[in-house]
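In my numbering, the protein residues as written are 1 to 390.
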């Protein structure tokens with residue numbers, strides 16, 4: 001079956017709610033499409049801005065921190081993500097590995113130090129999980145390093161004397177940190193999949209952490225959550241494959257294979273991978289360019305996972321968009337990346353710089369200006385400057 005690039009691209013634009021902004025009442029549908037990565041902090045708010053109409057960043061934070069219809073926790077790839085609280089089983093519990101499926105990409109770095117600790121991977125995860133449950137049962141802790149230290153102290157209290165010295169020795173992973181604290185830092189992310197830790201209300205520049213119960217939320221473990229996770233991924237990023245799914249999730253090959261098999265009977269092979277069979281009629285619809293422009297932030301869901309050639313064919317330019325660290329934002333026109341943009345917020349003022357890959361017409365510049373002005377209004381700040389580097 002032949003589906004052309006324009007059809008792939010426009011389907012993805014539609015699935016990610018980037019063809020037209022939807023009413024604010026649909027915030028849970030938008031956030032639940034495939035979750036919203038929140039690194040750097042605030043990235044999730046910018047992602048929602050590009051998809052919803054008539055809402056402010058302050059109102060979104062209210063949904064996260066007051067109403068709690070949205071939840072933030074460590075999720076895919078161990079990154080902080082925001083998603084509907086009602087979908088927590090999909091974005092948390094479904095990520096838990098089974099026996100012999102560890103480590104995840106974000107815990108693999110600890111493996112070389114396990115012999116030094118004298119604790120195997122499974123035992124360590126159990127110890128950290130038990131300690132996290134105790135430490136956060138009825139309190140909120142400000143700062144990741146403070147959380148590491150508190151949980152590490154609780155783990156140490158349960159270690160036999162023979163393992164205490166190794167637990168307290170200096171860490172090779174960072175200064176002012178014990179090896180035990182480093183071990184906890186690695187292992188805290190998967191404890192979230194057990195429903196043991198979520199993010200609380202941000203304190204200035206620092207994140208806070210607590211238990212779901214203390215935060216005042218809960219969710220049932222759903223038997224279909226794993227299937228739902230994979231199905232949402234393929235819907236959001238098809239055409240794709242098991243390898244790309246495993247990379248997006250940050251899990252082991254064994255876990256990726258187990259989860260992918262859950263939707264094997266629901267996929268159709270196309271020229272560039274697999275798509276959900278149920279999505280085929282939408283892919284095959286006629287494509288009509290609308291001239292829709294969006295200023296996506298770093299790690300926007302649309303830019304995630306596979307399909308970089310679909311969004312930006314030039315490999316050299318791809319390296320400017322998808323960097324090892326410090327990703328810029330992307331200027332998107334009808335689903336294609338036509339440039340980069342960076343923002344700088346100081347107090348109540350916003351400055352932005354656009355680096356275009358194509359000549360910008362007056363109409364495109366007007367669209368960009370309109371989007372930056374709308375974003376400043378969303379943040380409830382004043383646009384100080386908008387410059388172009390063409």
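The beta carbon of each residue, even a glycine, is placed where N, CA and C say it ideally should be.
Computed from a prediction, not measured in an experiment: that's the story for all the values here.
Inspect the beta-carbon positions of residue 132 and residue 197 and report whether they are closer than 7 Å.
yes
Separation of residue 349 from residue 336, as counted between CA atoms
29 Å
If we ignore side chains and look at the alpha-carbon of each, how far apart do residue 129 and residue 88 end up?
18 Å
Which partner residues does residue 149 have in the DSSP bridge list?
DSSP, once it has assigned bridges, lists no residue as partnering residue 149.
Along the beta strand (DSSP E) that carries residue 132, what are the first and last residues, could you check?
Unbroken run through residue 132 is the alpha helix (DSSP H), 121 to 135; no beta strand (DSSP E).
Looking only at its own chain, which residues have a Cβ that is under 7 Å from the Cβ of residue 384, when we skip the five neighbours before and after it?
349, 350 and 351
Write down the C-beta distance between residue 294 and residue 332 rounded to the nearest angstrom, noting that I regard them as a contact closer than 8 Å.
5 Å
Is the CB-CB distance between residue 362 and residue 225 below 7 Å?
no
Alpha-carbon spacing of residue 104 relative to residue 148, whole angstroms:
19 Å
Just curious, the beta strand (DSSP E) that residue 274 is in, first and last residue?
273 to 276
Spatial neighbours of residue 371 within its chain, please: C-beta separation below 8 Å, excluding the five flanking residues on both sides.
293, 294 and 295
Residue 234 and residue 276 closer than 7 Å at C-beta:
yes
If contact is defined by three or more beta carbon pairs under 8 Å, each pair taking one atom from either stretch, is the stretch 48 to 65 in contact with the stretch 25 to 35?
yes
Just tell me which of 208, 151 and 375 has its CA closest to the CA of residue 80.
208
Can you tell me where the alpha helix (DSSP H) holding residue 368 begins and where it ends?
362 to 379
Reference residue 66; option with closest CA among 217, 21, 180 and 9
217
Could I get the ranges of all uninterrupted beta strand (DSSP E) runs contained in the stretch 204 to 232, with 3 residues as the minimum, in chain order?
208 to 210
Mark residue 278 as exposed unless 16 or more other C-beta atoms lie within 10 angstroms of its C-beta, in which case mark it buried.
exposed
So for residue 32, helix, strand or coil by DSSP?
coil
Can you list, in chain order, the residues of its chain whose CB lies under 7 Å from that of residue 239, leaving out five sequence neighbours each side?
8, 270, 272, 273, 274 and 275
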